[in-house]
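The numbering of the sequence shown is the numbering used here, which starts it at 49 and goes up by one.
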Amino acid sequence: MKTEIFKCILRTVAPVHIGCDEVYEPTGFFVDKERACLIVFDPLDFIAGLEPTDKERFSSICKKGTVESILEIYKFLRNHPVQGRPVKACPDFVKHYEQVLSLSGNKIRKELNQFIIERTAFIPGDQRPYIPGSAVKGALRTAYLNMLAENGPDLRSYLRSIKPRKGSKDDRHKKLEQKLLELDHVPNRERISKDPFRLIKVSDFMPVGEVGTKIFYAINKKKKPSDKEPNGPYQILEAVMPGAVFTGEIRVEIPGGSHLEKEAVSRPISLEKLLNSLDLFFGEQKIRENGELR
49 MKTEIFKCIL
59 RTVAPVHIGC
69 DEVYEPTGFF
79 VDKERACLIV
89 FDPLDFIAGL
99 EPTDKERFSS
109 ICKKGTVESI
119 LEIYKFLRNH
129 PVQGRPVKAC
139 PDFVKHYEQV
149 LSLSGNKIRK
159 ELNQFIIERT
169 AFIPGDQRPY
179 IPGSAVKGAL
189 RTAYLNMLAE
199 NGPDLRSYLR
209 SIKPRKGSKD
219 DRHKKLEQKL
229 LELDHVPNRE
239 RISKDPFRLI
249 KVSDFMPVGE
259 VGTKIFYAIN
269 KKKKPSDKEP
279 NGPYQILEAV
289 MPGAVFTGEI
299 RVEIPGGSHL
309 EKEAVSRPIS
319 LEKLLNSLDL
329 FFGEQKIREN
339 GELR
C-alpha cells in the first residue's frame, strides 16, 4: 500500500478540554488566592516536609475518608503552603473555593460532591497537556462523514425508512454512518476490518514548549436569548489556553492495484479529501459559533 503522510501543527484558538478521567485530588493542591492559581504538588513530598505533629494530624484527617474530611484537608493545606506547579484559575473559581472553605452543616456534602476539578489529557512524566490521537481521529471522522452526507443523495427518505419502532433503541446514527461508508451490506463480523478509517493512523499531538492551562467553568447556555437560563450542575474543567502549539502527523494508507488491496476497505479515503472535509466542516462550524456568540 502507498502511504501519504501529513505532518501538521495545531494551534489552539479557544480553550480546549479533553477529558482523561483524571482529577486534581484534594490532597495534591491548594489555592493561592493572591496569585489566583492552583498550586499542584506531590503529596508524598508535602508529607515528608511536615513537622511530626502536623504529619500526624494530616494523616488522621486523611484516614477519615469522608466527604466532610475533604474540607478539613483544604483548610489544612491553606495553612501549610508548599512549593509546586502553578495552574491559573478564573476569578470565580477562587471565590468559589473560599466559599467552600466556609461551608458548614448539610451543605458540605452536596457542594463538595460537585467541587471536582477535571484535568485535561496530560503526559504523566512532565504533566504537560497533549492532544490524544484518538481525539483528532474522531474529529476527522466527523468531518468526513459530514462531507459524504452533504455531497451524497438526499438521506431523509432513508432515515424515515429505518425509523425505530416505539420502545426500541434508536440506532439510526449508526446505520447512517454505515451507509455513508458503504458498510451497510458488509457482514457485521467484517465491519471493523472493512472500515476505511482503519487505514488512517493519527499520532498523539505533543506540546511544543510550555503549554499553559487554566481552570474554567463549563456551563449551559441557550442558543436563543431567554429569561430562564438552563438548569444543571456546573463542571470545573482544566483547559488548554488559546495559542498553545502541538505537533503530530496523520498517515493515510492508500490501497494499491491488486484485488486484495482494493478489497481491504469498503471505500478508500485520500488525504486530500480528508483535509478538504476538515476545512469544509469546521469552517462552517466556526462561522455558526461566531454568529451564536454575538
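Every residue gets a Cβ at the ideal spot worked out from N, C-alpha and C, and that includes glycine. Nothing here was measured: the structure is a model prediction, and the numbers come from that model.
Query                                                                                                         : Result
DSSP three-state assignment for D327, whether helix, strand or coil                                           : helix
I317 beta carbon less than 7 Å from that of P212                                                              : no
Opening and closing residue of the alpha helix (DSSP H) in which D93 lies                                     : P91 to A96
7 Å Cβ cutoff met for I109 and T75                                                                            : no
Closest residue to D93 among G132, E230 and I165 (Cα-Cα distance)                                             : G132
Cutoff 8 Å; reference P63; Cβ partners in own chain excluding five residues on either side                    : K262, F264, A287, V288, M289 and P290
N268 versus N194: straight-line alpha-carbon distance, rounded                                                : 25 Å
Every unbroken alpha helix (DSSP H) within the segment 158–227, with a cutoff of 4 residues, ordered by chain : 181–199 and 204–209
CA-to-CA distance, G97 to F106, given in whole angstroms                                                      : 12 Å
Close beta carbons around L326, own chain, < 6 Å, minus the five adjacent residues each side                  : A191
Integer-rounded CB distance, given that D218 should sit under 8 Å from Q226                                   : About 15 Å; that fails the 8 Å criterion.
Neighbour-count burial assignment, H221, 16 or more Cβ in a 10 Å radius                                       : exposed
Residues that G54 bridges to, as DSSP identifies them                                                         : Before going on, a small fix: residue 54 reads as Phe here, not Gly. F54 pairs with I298.
Proximity below 7 Å, CB of K223 to CB of S314                                                                 : no
Cross-strand partners of L119 (DSSP beta bridge)                                                              : Per DSSP, none; premise fails for L119.
Length of the line joining the Cα atoms of E159 and I53                                                       : 49 Å
Stretch pair the segment 66–85 + the segment 162–170: three plus CB contacts closer than 8 Å                  : yes
Among A84, P303, V250 and R59, nearest to P134 - alpha-carbon criterion                                       : A84
Cβ pair T51, R299 closer than 7 Å                                                                             : yes
DSSP bridge partner residues for Y282 (one or two, in chain order)                                            : For Y282, which the question treats as bridged, DSSP gives no partner whatsoever.
Unbroken beta strand (DSSP E) run spanning L86, endpoints                                                     : C85 to V88
Residue of K81, A187, H128 and V184 minimising C-alpha distance to Q147                                       : K81
Cβ separation of P303 and D252, assumed to be a contact under 8 Å, to the nearest whole Å                     : Their Cβ separation, rounded to whole angstroms, is 26 Å, which puts P303 and D252 out of contact at 8 Å.
Of the listed residues K185, Q333 and V71, nearest to R246 (C-alpha basis)                                    : K185
Between the CA atoms of R59 and I240 - distance to the nearest angstrom                                       : 32 Å
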